[in-house]
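Numbering (my numbering), first residue to last: 25 to 375.
Glycine residues also receive a C-beta, built at the ideal position from the N, C-alpha and C atoms.
What follows is a set of notes on a single structure, which appears directly below.
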Amino acid sequence: MIPVRDDLRQLDGYHSPQVDVRVRLNTNESPLPPPDAFRDALASEISRIEWHRYPDRQATELRHAIADWHGVSADMVFAANGSNEVLQTILLTFAGAGRRVATFEPTYQMHAQIARVVGSEVVEGERDADFTLDPAEMRRVVEQHDPHVAFLTSPNNPTGLVEPAERITELLELANGLVVADEAYAQFADWSALSLLDEDRPLVVTRTFSKTWSMAGVRLGYVIGPTWFIRELDKVVLPYHLDAAKQIAGRLALRYVGDMDERVRLIVSERERLSAAMSALPIDVTPSGANFVLFRPTTVGGRELWQRLLDRSILVRDCSGWPRLADCLRVTVGTPDENDAFIHGLQEVLT
Ligand code: PMP
25 MIPVRDDLRQ LDGYHSPQVD VRVRLNTNES PLPPPDAFRD ALASEISRIE WHRYPDRQAT
85 ELRHAIADWH GVSADMVFAA NGSNEVLQTI LLTFAGAGRR VATFEPTYQM HAQIARVVGS
145 EVVEGERDAD FTLDPAEMRR VVEQHDPHVA FLTSPNNPTG LVEPAERITE LLELANGLVV
205 ADEAYAQFAD WSALSLLDED RPLVVTRTFS KTWSMAGVRL GYVIGPTWFI RELDKVVLPY
265 HLDAAKQIAG RLALRYVGDM DERVRLIVSE RERLSAAMSA LPIDVTPSGA NFVLFRPTTV
325 GGRELWQRLL DRSILVRDCS GWPRLADCLR VTVGTPDEND AFIHGLQEVL T
C-alpha cells in the first residue's frame, strides 16, 4: 500500500447511508421531480449536442441565464458540478495549504472536510446550545485565527436556522478574509445574503440546483460574487469541467421558475405542518427556514427513535452521534403522503 498524505490519514470520508425504504427523508432532496415540459425540452436539446466536441468552456449561456435570473452580470457567476465543487474551487483558490478556514459548528460538514482535503487548517467556532451564533464567539475566532475564508450557512444545515443579516455584516466587518454564505436552501427562507453583495465587499453566495430546482441528479451549483473573485476561480477550475448536457439542463431549468416557486410553497407549508405536529409530541423542534427540520425526542434516545422509524421503513438522517447534536435527528420535508407516514410513525413510537 502507498501511504496517503500525512494530513489525510486521520480524515474520515463523508457518510450518508442510503437504505432501501418506503419513505426516504434523509438527504434534503426535493420530493417532486422537475416538470414534464422541462424533461421534453431537455431531451430535444440533448439530441442536438455535438458529442465529439468539448463543451463551451465558459458555460456562457448558462452563466447568462443564472445572472439574468438574479439580476446580476454574467461575470459575477461561476458554476460547477454541484455547490460542493463550487466550495472546493473556492477553497482551492482562496484557502489551500498554510491558510485557515473558519466554520461555526454545528454546520455543514463538507466545509471543514473540503478545507482539510485542500490542506487548510480548520478553526472552529461554537454555536450556543440553541444553535444560534453569538457575535462575541465570531469575534473570538476572527481575532484568534484571522481566517482566510469564513463560512456561514443560511439556512444552516443540519439545524435549519436562518442566519440573521446582522451576523453576516458583523462577520464582514470583523474578518480580513473571504466570507462565504452557503445558501443551498435559501429559497425556503425569507431573506438572502444576495442583497449584501458588492464589488468592494469580500462576500460571495453559493447556491445549488439540487434542492429547490429538483435536480440533485444533475450535480450543478454556482456562486455569485464580485468580478475579481470570479476571475480567480476561472483560473483554478479544470478546463471543460461542466459537460454540455449539464449546461443545457441548468439553462432550461430556469425557464420553469413558476413551477419551482410552487414546489417551494408546498414544501414550506408542509414544513410548518411537520414542525407543528412534532411540537405536539415529546420532541424539541428547531425552527427551520429550510426543507428539513432538526428535532430531538425527549422521552427516548435519538438513535432508538431513528431505528424504530426505520423498522417502519421511514429513513431520516441520524445526527445523534455527531458532535454537539446528541439525540438529534433531521427529517427532510417530503410529499404530503410521506410526511403523513413520518408523523404517524412518530406518534406510534412516542405515544
Ligand atoms: N451546502 C449545503 C449547506 C448543503 O446542505 C449541501 C447538500 N447537502 C450542499 C452545499 C451541496 O449541495 P450540492 O453539491 O448538491 O449542490
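Nearest neighbour of residue i, chosen from the options [CA to CA]
i: residue 364; options: 300, 323, 259, 322; result: 300
i: residue 77; options: 268, 369, 309, 287; result: 268
i: residue 79; options: 196, 270, 169; result: 270
i: residue 355; options: 343, 135, 347; result: 343
i: residue 216; options: 177, 240, 223; result: 177
i: residue 82; options: 262, 128, 289, 329; result: 262
i: residue 193; options: 184, 183, 204; result: 204
i: residue 106; options: 227, 255, 207, 33; result: 207
i: residue 274; options: 330, 184, 85, 109; result: 85
i: residue 228; options: 50, 196, 239; result: 196
i: residue 240; options: 313, 119, 53; result: 53
i: residue 322; options: 351, 294, 297, 316; result: 351
i: residue 316; options: 326, 37, 288; result: 288
i: residue 367; options: 304, 120, 312, 313; result: 304
i: residue 138; options: 93, 35, 221; result: 35
i: residue 30; options: 123, 102, 142, 70; result: 142
i: residue 63; options: 162, 224, 237, 255; result: 237
i: residue 90; options: 294, 248, 331, 357; result: 248
i: residue 168; options: 124, 297, 210; result: 124
i: residue 163; options: 191, 144, 155, 180; result: 191
i: residue 266; options: 87, 186, 298, 346; result: 87
i: residue 71; options: 373, 320, 272; result: 272
i: residue 337; options: 25, 48, 28; result: 48
i: residue 311; options: 361, 186, 358; result: 186
Those residues which DSSP pairs with residue i across a bridge
i: residue 321; result: 307
i: residue 445; result: In the structure as shown, the chain starts at 25 and stops at 375, and residue 445 therefore has no counterpart that could be examined.
i: residue 49; result: 340
i: residue 202; result: 173
i: residue 316; result: 356
First through last residue of the beta strand (DSSP E) which encompasses residue i
i: residue 161; result: Residue 161 -> not in any beta strand (DSSP E); alpha helix (DSSP H) instead, spanning 159–169.
i: residue 149; result: 145–150
i: residue 353; result: 353–356
i: residue 210; result: From DSSP, residue 210 is part of no beta strand (DSSP E); its letter is neither H nor E.
Residue interval of the alpha helix (DSSP H) (run including residue i)
i: residue 85; result: 84–94
i: residue 183; result: From DSSP, residue 183 is part of no alpha helix (DSSP H); its letter is neither H nor E.
i: residue 124; result: First-last for residue 124: 124–129, but that is the beta strand (DSSP E), not the alpha helix (DSSP H).
i: residue 135; result: 133–141
i: residue 240; result: Residue 240 -> no alpha helix (DSSP H), and no H or E assigned at all.
i: residue 221; result: Neither: residue 221 is in no alpha helix (DSSP H) and is coded neither H nor E.
i: residue 33; result: No alpha helix (DSSP H) holds residue 33; DSSP gives it neither H nor E.
i: residue 272; result: 268–277
i: residue 332; result: 326–335
i: residue 44; result: Neither: residue 44 is in no alpha helix (DSSP H) and is coded neither H nor E.
i: residue 68; result: 60–70
i: residue 109; result: 106–118
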